[in-house]
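So the protein lines, in turn, are chains L and E. Residue numbers 454 to 815, in the working numbering, belong to the letters of the first sequence in order. Residue numbers 8 to 789, in the working numbering, belong to the letters of the second sequence in order. C-beta: ideal position from N, C-alpha, C; glycine also. Bear in mind the structure is a predicted one, so any value in this text is a computation, not a measurement. A short worksheet on the structure shown next.
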Amino acid sequence: MVKDEEKRKTTFHRISKKWRESVDKVKEYEVVEGEEKISEEFIPFGIDYQEYQEAEKLKQRLLKKYKGKTLEDVIEGKELNTKEGVCYYIENQDRLSLKIINPEHARKKILSDLKLIYGIGEVTERILKEEGCKTIEDLTEHPRFGSQAIEFLKILDKCDTCQIVDWIAHWFPKSHPLILYSSSFHNKGDLIIFDIETMGLFTRPIILFGVARISGDQILINQYLLRNIKEEPAALKGFLSHISEDSVFITFNGRTFDIPYVRQRLAYYRMKGDLERPHFDILHFSRRAWREKVPNCRLNTLEKYLLGIARKDDVPSALVPDFYETYMRSKNVGPLIPIIEHNKQDLVTVAIIFSRLHEEWR
Amino acid sequence: MVERIVSALERNSRYKNRVEHIEILSPKEPTFGKLKKDLSRNIKNYLLKKGIKLYKHQCGAIEYLRAGKSIVITTPTASGKTLAFNVPIFERLDQDKSATALYLYPTKALANDQLKVIKEFDSLSGIGVNPNVYDGDTPPNKRPKIRETSRIIISNPYQLHQVLAWHYKWQKFLSNLKFVVIDEAHRYRGVFGSNVAFLIRRLRRICGFYGSEPQFILSTATLANPIEFSERLIGVRFKLIANDGSPKGKKYFIFYNPYFDGISTLSTHQETKDLFLFFVRKDLQTLCFTLSRKMAELIALWSKKGVKESEPYLMDKITAYRAGYLPEERREIENNLKNGILRGVTSTNALELGIDVGSLDSVVISGYPGTIISTWQQAGRAGRGVSESVATLVAFQNPLDQYLMKHPKLFFDKPHEHAIIDLSNPYIISGHLMCAGSETPIKLSEEGIYFGDDVEDILKALEREGLIQNTPNGWVYSGKGRATEAVSLDNISSDIFKVICDGELLETMDRRQAYREAHKGAVLLHQGETYIVEDLDLKKSVIQVKKIDVDYYTEAMKVVDIEILEEIEKKGIGNFAVSFGDVEANEQYVGYKIMKYDKVIGMEKLDLPPLNFKTMGLWFTVPEDTKEKIWKKRKEDGDIKENLNKRSEEDLKRGVFAGGLHGIEHAMIGIMPFHVMCDRWDIGGVSAPNHPDTMKPTVFIYDGFEGGIGLTEKAFELIVEIVKMTLELVRDCKCEDGCPACIYSPKCGNENKPLDKKATILILEELLNLMKQEDKIKVRGR
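Rendered as structure tokens:
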């Protein structure tokens, strides 16, 4: 009987090894289940051999350098206690002033586009403007457009961003400047800039949650790191703790990646979390603003061309899972360092680009 | 009319000898049923508009489903199965406006076909379920709306496999899920079926997560074990709906044997073409099923040639149909079959499934499809309402086809095959545990019911490889690649080779196929074109081919040996003993033959590493004295006497005995698909006059799949019947020294050498004698 038991387990191990081989061979593919198309800017595939080799060298260097070191030794942070367990919490801050157009200006811009009213196209708008109706406010008395105008003004006055965005998005593409303007109806302090690092494209753990907030001329960066997979629920909790009634999300491709991913993981653990908030995904705006000027609209490309930032010792997004896995297997914290740095830099870049967009479309 | 045509065939000197048997299936009057409680007005309206009166079996299905049971429907093609479950599903969806239903079809084409039917039901009844197909072709921007608003969603298992991890997006649909329909369920047998069985368990697990517990409706071809099969596939209790109430026309079932006299002047393919044309010319709309895509193409081509001069108007009325055609082309053929424009279509089993092409007058089945299920499914395509129809099975020279021709009673009396679902295959379980672990954490207390008793040990093994991690919330999938990508439903091998032609992907195949069919120098057939393999890169899993027109083909030769890893069970029947257990087979492709028609025109060597795989098999030994016993009889035979002055007696004796064992192995593999649902190519065998593990003459039969899939396990249970039937087959075969109909195997790695038919019979008789003997030694021991 004992021998049988042994044999059975050997079989299971043999099978598991086989699975590992085939799992490792799986390549992430372009479109994953879920309705959203993963945009090409996001897809981390297409990493070239040189990039791969450099990353591999970096990994080896880090493994050597940090051998035997603990996470606390290397990255200042603390253990965070939540109802869902613990995770590792890292805080940083940096100077950064966000230049967002002021709400009055935004309001003016929005109201001066009469095409937001049902029945008004370019021609009608021109005629109306010639007749002296310069803004939607001028239309409230209009026999045909009045009621619509009043309704829109009500929404605008409430500063209900979701409704404003929905209204605008009904008439304009999601990348339209008018939509970006509505982000200025919020306090800077309510902006939640966030970005996650994961073990792959969906259905695997999120290993790092990065949340940045703006306070005065400072950007406050909070990161929730999984030291092991067990800590994912706590990190989710840590991330959720930043979200209040008034929160507004600022992300790069978060609409198709980060938000559905977090939702999936919440459902996975049967955790509750309300992520219905206004959301400004700057990927779409960036594409509209700079598509002609940059080779592609990946975050790192924008960063390089617009902000002149050249990352040193960065882990390419595509290799984050690999680095994290190396960490899990070796227990060497080295490969974690570029992941944390990468995430932090992404957050800062998102904030700056968000600011740049406001300047660009002022 | 059909009667006249059949008797014309019987009288025609060209055909009459080849007609081995005609079975007449009598017509049947309809039996209508009554419901305990009336249907709602909406549904009555629908039935009224369609002029439908419910048959008894449909009423039975409705009552069971109303009572909350899960059911399996096994009535034949065109008996109104779909209506039998659509009515009660619509009834419930009408009463409960949030209730939903999921329909799973094995192919996208079937799903789209079914959508039409359901849409019509929906609009005629006005119930409002907004049915939709949701599969790989569904545009991403339409998906959210379908999930939110469709109450009947039609999909396929492959899609479900990918979708389950996204359950949060399906919350509304899943939490209201009342019914899951699985049509063509007999397709989910063997390895594919076992995978689907665990996929269904994953679905049930997620449903449980959202508080729903759907009823299941299985629709299947006739099986020997419908209830057992359903309960294993789904994991809940089932009720059976089997008594068909629909009317039937008279049907002639012809067994046609080109090899009636043991030899044939024309190949089965040529005979098929002639028969196909015979029926088409008699103005019977005819569908011809072939075993391969290539034959579907060729028979259509030859037939067109055949009518080109004499009946040119028939040229456009004949076509081929198979997988690989563009959807629009397929739609067109389906429609032209339905409206009668096409008079003859040749097809692979792609049309065996329930695609609605209407019913035809005549079906020609070129070669036994390997299962009784498929044969009846294909034959069921003939028969329009209550009018007469004819089905013709054309035999190949192989043992199975020949056996059926010689023993038609067996075909018509035999219960249909058992459908196998293996719920204990650790390969399959572990794969689905990874998938389940990426859908929601696996909690041991809850998962035993879905994944069996080994869950914990398997999880621990997976954890050691970093694929799963134990956390306070349960076991969490943590592999680097997506679990659902690594686990494929219909092929256990995830080791896929790419066939590249001029830098473009031509097709994919697994490692075994690559070794067998795409070694260097092999001729690869793809959509009727020939490609020569220039390189097989085992490391990169890439096959480079070049398109070159050649008139030959290749066949790889392999040698196989086998090792017993563990005996799991052993049983004695009289003095005969058979064992079952884990074995490891090693296959090595050593060379290949270059063939033109049936002739070998050349041979080449191959240098490929062996393919090892662990599987399950059965084996039995033959008493050592049998060798002497049969030699005593055999040496009196003329053929041996003749050889005695050429070779040594010892040499001949060895050859006779080995040839007998080898013959048993071949004949048994040939006959096994009759008892166990599989293709003969799914099973392997080895025979050895002195096997190192048993130290005795031994015959092994094993599953041709990694880990084993229960084929030989079933054969182990039925060993007495199998040995008996093997003897009958070999003994009753009219050939002298063995032929493809008895002991010659089309896939022998040893060129069918040595083989000795008389020795095969003698050893088999010896085995049956052993079975009849009481265990005298044991009795004496007392």
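| message | Can you tell me whether Cys214/E is helix, strand or coil according to DSSP? | response | helix
| query | Under three-state DSSP, which class holds Leu184/E? | reply | strand
| task | Output the distance between the C-alpha atoms of Arg579/L and Ile573/L, rounded to the nearest integer angstrom. | result | 9 Å
| query | How would you list, in chain order, the residues of chain E whose beta-carbon sits under 7 Å from the beta-carbon of Ala720/L? | reply | His174, Tyr175
| message | Taking its Cβ as the centre, do 16 or more other Cβ atoms sit within 10 Å of Arg815/L, making it buried, or is it exposed? | response | exposed
| request: Return no unless some Cβ of chain L is closer than 8 Å to the Cβ of Asn480/E. | output: yes
| task | Within its chain, find whatever has a CB closer than 8 Å to the CB of Asp643/L; leave out the 5 residues flanking it on each side and keep chain order. | result | Ser697, Asp699, Ser700, Val701
| said: Closer than 8 Å is the cut-off here; do at least three beta carbon pairs connect the region 762 to 781 of chain L with the region 648 to 663 of chain L? | reply: yes
| query | Between which two residues does the beta strand (DSSP E) carrying Trp626/E extend? | reply | 618 to 628
| said: Using a Cβ-Cβ cutoff of less than 8 Å, which residues in the same chain neighbour Glu728/E once the five nearest sequence positions on both sides are dropped? | reply: Counting only residues of its own chain and dropping the five nearest sequence neighbours on each side, Glu728/E has a CB closer than 8 Å to the CB of His682.
| Would you say Gly473/E reaches chain L, if we count a Cβ-Cβ gap shorter than 8 Å as a contact? | yes
| Which residue from Asp363/E, Leu774/E, Cys749/E puts its Cα closest to that of Lys634/E? | Leu774/E
| query | Going by the beta-carbon positions, is the gap between Gln222/E and Gly67/E smaller than 8 Å? | reply | no
| Should Val557/E go down as buried or exposed, given a rule of 16 or more other Cβ atoms within 10 Å for buried? | Burial call: exposed.
| field | Residues bridged to Tyr320/E [DSSP beta-bridge criterion] | value | DSSP, once it has assigned bridges, lists no residue as partnering Tyr320/E.
| query | Hey, is Thr535/L's beta-carbon within less than 8 Å of any beta-carbon in chain E? | reply | no
| query | For Arg473/L and chain E, any beta-carbon pair shorter than 8 Å? | reply | Closer than 8 Å: yes.
| According to the neighbour-count rule (16 or more other Cβ atoms, all chains shown, within 10 Å of its Cβ), is Thr121/E buried or exposed? | Here residue 121/E turns out to be Gln, not Thr, going by the sequence shown. It counts as buried.
| request: Kindly list, in the order they appear in chain E, the residues whose Cβ is closer than 9 Å to that of Lys683/L. | output: Gln476, Asn477, Thr478, Pro479, Asn480, Val483
| Nearest-angstrom beta carbon gap, Glu70/E and Leu46/E [assumed within contact, 8 Å] | Not confirmed; about 12 Å, so no contact.
| query | Buried or exposed: Asn432/E, going by 16 or more other Cβ atoms within 10 Å of its Cβ? | reply | buried
| task | Just the chain L side, please: which residues come within less than 8 Å of Gly438/E by C-beta, in chain order? | result | Trp472
| message | Judging by CA-CA distance, which residue of Ala398/E, Gly377/E, Gly392/E is the nearest neighbour of Gln386/E? | response | Just to set this straight, residue 386/E is Ala in the shown sequence, not Gln. A check of alpha carbon separations from Ala386/E across Ala398/E, Gly377/E, Gly392/E identifies Ala398/E as the nearest.
| message | I'd like to know whether the C-beta atoms of Val706/E and Glu672/E end up nearer to each other than 8 Å. | response | yes
| said: Does any residue of chain E have a CB that is nearer than 8 Å to the CB of Glu557/L? | reply: no
| field | Assigned secondary structure, Val136/E (DSSP; H/G/I helix, E/B strand, else coil) | value | coil
| According to DSSP, is Thr491/E helix, strand or coil? | helix
| Should Pro696/E be labelled buried (16 or more other beta-carbon atoms within 10 Å of its own) or exposed? | With a 10 Å radius around the Cβ and a threshold of 16 neighbouring Cβ atoms, Pro696/E comes out buried.
| Touching or not, the region 311 to 324 of chain E and the region 259 to 274 of chain E, by the rule of three or more beta carbon pairs under 8 Å? | no
| message | I want to know whether the region 665 to 679 of chain E touches the region 643 to 653 of chain E - three or more CB-CB distances under 8 Å. | response | no
| Say the cut is 7 Å; is the CB of Tyr410/E nearer than that to a heavy atom of the ligand ZN? | Here there are no bound small molecules, and the ligand ZN is not part of this structure.
| query | Alpha carbon to alpha carbon, how far is Leu407/E from Thr382/E? | reply | 13 Å
| request: Report back the beta-carbon spacing between Ile750/E and Gly670/E to the nearest angstrom; my notes put them in contact at under 8 Å. | output: 4 Å
| task | May I ask which residues mark the beginning and end of the alpha helix (DSSP H) holding Gln616/L? | result | From DSSP, the alpha helix (DSSP H) with Gln616/L extends over 614 to 624.
| query | Does Tyr434/E get closer than 8 Å to chain L when you measure Cβ to Cβ? | reply | yes
| request: Throw me the rounded Cβ distance for the Tyr457/E and Arg212/E pair, which I believe falls under 8 Å. | output: 6 Å
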